[in-house]
Amino acid sequence: MRTFNQQFLRLVPSGRKLVIGIPFIWLFLFFMLPFFLVMKISFSEAALSIPPYSEIYTYAEQKFQLLLNIGNYTMLGEDELYLSAYLGSLKVAALSTLMCLVIGFPMAYAITKTGKETQNVLLLLIMMPTWTAILIRVYAWMGILSNNGLLNSFLMWTGLTDHSIEILNTNTAVYIGVVYAYLPFMVLPLYANLVKHDGSLLEAASDLGSSNFNNFWKITVPLAKNGIIAGCMLVF
């Protein structure tokens, strides 16, 4: 009986493994499996059957044969419409990631310099927009960026312009929306990394005659490398 209990306890995963395993199982079922299914369809040919595509392999007479069709990928490479849309998406993703990094790094760094209670309040304010559906937030930005919206009204009120500026339905509006939506995903990983930095390193560098800029560029930024990579991966 005692031996059975010991074997059973070995089979039961620890709390840490369970906490890590459940999200991975969830991602595998609802992300990886659909991804592999779409990949299979992309290498298949359309067919009047159920399912409506051909198989990508055959196994007959103890022989395994792949039947990969790259026609779909050839079409993507030859069609300028698909190619320009794909390259445009990469451009938007890259520039938006860069803007989120430029804006998010100072925000995360400033948060780490405040008191603990203030940090909690600021992090809560950063996370609060994510509690609202993205569609509602997009409609709100449409009202702000429209010709008669708050932004144009403010610019004309201050005298910076005497007519409405076309912002909505432009690339500028796209970048504003993307940066606004994904900025929290850049700030939070950066904060989680920066808050762990040892302040004595900066003090020691200053005592040795290093400037604040050198301290930031040669100490803070390299130590924040993992946070930068994590934030860029989440945003991109």
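In terms of the working numbering, the sequence shown opens at residue 433 and continues consecutively.
Just so it is clear, CB atoms sit at the ideal spot from N, CA and C, and this is done for glycine as well.
Per DSSP, cross-strand counterpart(s) of residue i
i      : result
Ala478 : Tyr485
Thr490 : Gln497
Boundaries of the beta strand (DSSP E) in which residue i is found, first to last residue
i      : result
Gln551 : No beta strand (DSSP E) holds Gln551; the alpha helix (DSSP H) holding it covers Lys548 to Met559.
Leu592 : Looking at the DSSP string, Leu592 is not in any beta strand (DSSP E), and its letter there is neither H nor E.
Lys495 : Lys495 to Leu498
Distance, residue j Cα to residue i Cα
i      : j      : result
Leu666 : Ser486 : 35 Å
Ala605 : Ala637 : 42 Å
Gly581 : Ile502 : 48 Å
Pro621 : Met588 : 38 Å
Thr490 : Tyr518 : 33 Å
Asn584 : Ala540 : 30 Å
Leu515 : Gly509 : 6 Å
Residue i versus the options, residue with shortest Cα-Cα distance
i      : options                           : result
Lys548 : Trp649, Tyr623 and Leu634         : Tyr623
Ala542 : Ala478, Thr652 and Ile661         : Thr652
Glu598 : Leu577, Leu615, Trp573 and Leu592 : Leu577
Neighbourhood of residue i by C-beta distance below 6 Å, restricted to the same chain and skipping five residues each side
i      : result
Leu556 : none
Residue span of the alpha helix (DSSP H) that contains residue i, given as start and end
i      : result
Lys657 : Lys657 to Val667
Lys650 : Looking at the DSSP string, Lys650 is not in any alpha helix (DSSP H), and its letter there is neither H nor E.
Gly536 : Glu512 to Thr544
Val610 : Asn603 to Leu626
Close beta carbons around residue i, own chain, < 7 Å, minus the five adjacent residues each side
i      : result
Asn625 : Ala656, Asn658 and Gly659
Nonlocal neighbours in the same chain, by C-beta distance under 8 Å from residue i, ignoring five residues either side
i      : result
Gln497 : Tyr489, Thr490 and Tyr491
Ile661 : none
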